[in-house]
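Enquirer:
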Amino acid sequence: MITALAGGVGAARFLRGLVEIIPQEDLTVIVNTGDDIELHGLYISPDIDIIMYTLAGMVDEGKGWGIRGDTFHCLEMLGRYGCETWFNLGDKDLACHIYRTYLLRKGLTLSEVTEKISKALGLRVNIIPMTNQRFRTIIVTDNGRMHFQEYLVKRRARDRVIHVEFEGVDEANPAPGVLDSILNSDAIIICPSNPIVSIGTILSIRKVKDAIERSEARVVAISPIVGGAPIKGPADKLMRALGYEVSAYGVAEYYRSLIDAIVIDRVDESERLRIESLGIKVAVTDTIMKSLQSKIQLAKFVLDLIRELP
Ligand code: FO1
């Protein structure tokens with residue numbers, strides 16, 4: 057059994073390769089919900105949707121989110137009614153948010169809803185939100201406090217980040233299945249996602265971090281920072297704001313108490329010795345995932361590395 061900790065696009069691309077080489081039933085994905093947002097009366101869970109759409113082969117590969125070939129007629133009409141349209145919700149994508157919101161209002165939990173939607177999309181992977189409780193990532197900037205999506209999408213990450221807050225962290229319990237999966241897995245993979253706002257949110261739930269520390273599973277991270285910059289998204293700005301070096305080394309340092317090994321890109325090979333000095337094994341390969349072949353290759357590399365770990 058394998059447990060993966062995941063954010064959105066980078067994680068989904070890696071997992072797309074992984075499900076080509078292991079049975080879907082053997083994989084549990086614990087997904088960040090700090091990015092979740094309510095818009096137009098609907099509950100949107102972007103990272104869960106990105107993972108589901110990607111594994112179901114429906115995602116818009118170019119953007120990494122949303123559904124391939126989707127149209128935006130509903131959003132256009134919402135704009136005519138004066139609603140905000142900065143968050144691009146496609147017509148087919150909206151069906152997921154409508155159904156999710158309907159089920160949540162009926163009293164189902166986010167994990168029950170996620171299971172229903174992922175099964176309906178034909179998936180056999182166990183996709184679990186990190187928590188069923190309200191949890192929001194708030195970015196504190198020189199321009200005020202704002203929801204993560206407002207910082208990233210509406211304001212295009214242009215504000216200077218001062219601090220990151222996790223609203224609801226003190227009350228958040230892991231969703232059912234999260235701790236069991238961590239404690240009963242042979243391996244835990246930290247996907248190439250934003251360390252601060254995708255994986256950091258999951259680890260901010262004390263019981264989750266404790267379970268990973270206690271687990272006998274081998275823990276491997278894949279660096280989302282390549283050549284000193286994130287493959288996608290604002291990880292550089294957030295890492296810098298929190299005092300981490302924007303490098304594969306900075307990622308290793310962030311995960312230091314949890315991981316046995318880290319996979320870094322060939323361009324970062326020169327960081328090997330510094331990372332090894334933290335007591336972390338380093339494995340070097342190509343980590344940029346453009347084609348399905350490259351995703352499978354990276355997944356195989358990670359599985360081989362896990363097998364080699366003591
Ligand atoms: N990202 C954008 O950059 N612009 C968007 O308009 C946008 C809309 C969107 C709609 C549904 C969805 O599931 C994801 C969407 N994303 C959009 C991606 C999302 O903001 C982030 O990439 C994740 O939250 C970070 O993992």
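In terms of this note's numbering, the sequence shown is residues 57 to 366.
All C-beta atoms in this analysis are idealised placements derived from N, C-alpha and C, irrespective of residue type, glycine included.
Since the model is a prediction, treat every value here as computed from it, not as a measurement.
Assuming Tyr305 contacts Arg330 under a Cβ cut-off of 8 Å, what Cβ separation, rounded to an integer in Å, is found between them?
Expert: At roughly 5 Å, the Cβ-Cβ gap stays under 8 Å, so Tyr305 and Arg330 are in contact.
Enquirer: From Leu74 to Glu81, what distance separates their C-alpha atoms?
Expert: Near 12 Å, if we compare the C-alpha coordinates of Glu81 and Leu74.
Enquirer: Hey, how far is the Cα of Ile318 from the Cα of Leu159?
Expert: Straight-line Cα distance between these residues: approximately 39 Å.
Enquirer: For Met202, which beta-bridge partners are listed by DSSP?
Expert: Met202 pairs with Ile195.
Enquirer: Taking the DSSP output, what are the residues bridged to Phe222?
Expert: Partner(s): Thr193.
Enquirer: Can you find the residues in the same chain that come closer than 7 Å, C-beta to C-beta, to Lys356, ignoring five residues on each side of it along the sequence?
Expert: If we look at Lys356 and ignore the five residues flanking it on each side, its Cβ neighbours are Ile77.
Enquirer: Is Glu206 closer than 9 Å to Ile218 when the C-beta atoms are compared?
Expert: Cβ atoms of Ile218 and Glu206: not closer than 9 Å.
Enquirer: To the nearest angstrom, how far is the alpha carbon of Met57 from that of Thr187?
Expert: Answer to the nearest angstrom: the Cα atoms are 21 Å apart.
Enquirer: Beta carbon of Val264: closer than 8 Å to some heavy atom of ligand 1?
Expert: Not so, every heavy atom of ligand 1 lies at least 8 Å from the Cβ.
Enquirer: Quick check: the stretch 294-308 against the stretch 92-111, are at least 3 beta-carbon pairs closer than 8 Å?
Expert: No: fewer than three Cβ pairs fall under 8 Å.
Enquirer: Leu298 and Lys337: beta carbons closer than 9 Å?
Expert: Result no, Cβ atoms of Leu298 and Lys337 do not sit closer than 9 Å.
Enquirer: As a quick exercise: from Val275, Thr110, Phe191, pick the residue whose alpha carbon is nearest that of Glu379.
Expert: Residue 379 falls outside the range modelled here, since the chain spans only 57 to 366, and no answer is possible.
Enquirer: Express the C-alpha separation of Ala112 and Cys152 in angstroms, rounding to a whole number.
Expert: If I take the Cα positions, the gap works out to 14 Å.
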